[in-house]
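Numbering (our numbering), first residue to last: 92 to 265. Glycine included, every Cβ here is placed at the ideal spot set by N, Cα and C. Read the structure below first, then the notes.
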Amino acid sequence: MSWVAAAIGVCLAAVYYAMNLRETTRNRRITLTNTLMQPFLTEEGMKNMIDLTDMEWTDFDDFMKKYDSKVNPSNFAKRMSLWNNIEVLGFQYRSGMIDMGTVYSVCSNLIPMMWMKFKPVIDEYKKFDYSRDLYENFEFLASEIAGYQARRDPSFKGSKQYFKPEEYDRAFGR
92 MSWVAAAIGV
102 CLAAVYYAMN
112 LRETTRNRRI
122 TLTNTLMQPF
132 LTEEGMKNMI
142 DLTDMEWTDF
152 DDFMKKYDSK
162 VNPSNFAKRM
172 SLWNNIEVLG
182 FQYRSGMIDM
192 GTVYSVCSNL
202 IPMMWMKFKP
212 VIDEYKKFDY
222 SRDLYENFEF
232 LASEIAGYQA
242 RRDPSFKGSK
252 QYFKPEEYDR
262 AFGR
């Protein structure tokens, strides 16, 4: 009879351990998500995004003259911070660590808009300075968000409002 009590105790301990592990994993996922979303939720992060959205250039040479790291380190830092953060978000989304609902609730228009704005620049940098696969998760996430947006509300123009339809279609393969 004592072996039954011991067996029940072991089973209860295993169930408790599994529940505890699940809760720990859930809490880590919440912490990771909160950490990744901070640049999109803070006042400073919003100001940086406005600065990046306000950037204007006519072609890649003009971009280099105005915004390259050698001539505008402050802009470079803002740009790299945002691009790299979105790249990590894209990787985390692709790997299942964060869900689309969370990303969409914070960054619905922002990520596709930023991809549309900077895709030509990133493509030019890839020709001589970046690896070919750099920012593939940024592009993936922008495309996924745009598709999610279109499925949720087909009448909503989303990031299309900022760009010519052919540019949007070309960037997102639509």
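Which value, in whole angstroms, describes the spacing of the CA atoms of residue i and residue j?
i	j	result
Leu-232	Pro-211	17 Å
Val-106	Gly-100	10 Å
Tyr-253	Met-155	Low local confidence applies: a pLDDT of 49 at Tyr-253 is under 50, so the model's placement there is unreliable, with the coordinate-based value given in what follows. If I take the Cα positions, the gap works out to 23 Å.
Got a sec, what are the start and stop residues for the alpha helix (DSSP H) residue i sits in?
i	result
Val-194	191-198
Residue i by DSSP, collapsed to three states: which one?
i	result
Met-128	helix
Met-140	helix
Pro-211	helix
Met-204	helix
Leu-232	helix
Tyr-184	helix
One question on the structure: do residue i and residue j come within less than 8 Å of each other, judged by their Cβ atoms?
i	j	result
Thr-193	Thr-116	no
Gln-183	Ile-189	yes
Met-204	Tyr-239	no
Pick out whichever of the options has its Cα sitting closest to the Cα of residue i.
i	options	result
Asp-150	Tyr-158, Leu-180 and Thr-144	Tyr-158
Pro-57	Ser-172, Pro-203 and Ser-186	Missing from the structure shown is residue 57; the chain here goes from 92 to 265 and no further.
Trp-206	Ser-160, Glu-227 and Asn-139	Glu-227
Asn-200	Gly-181, Arg-170 and Ala-237	Ala-237
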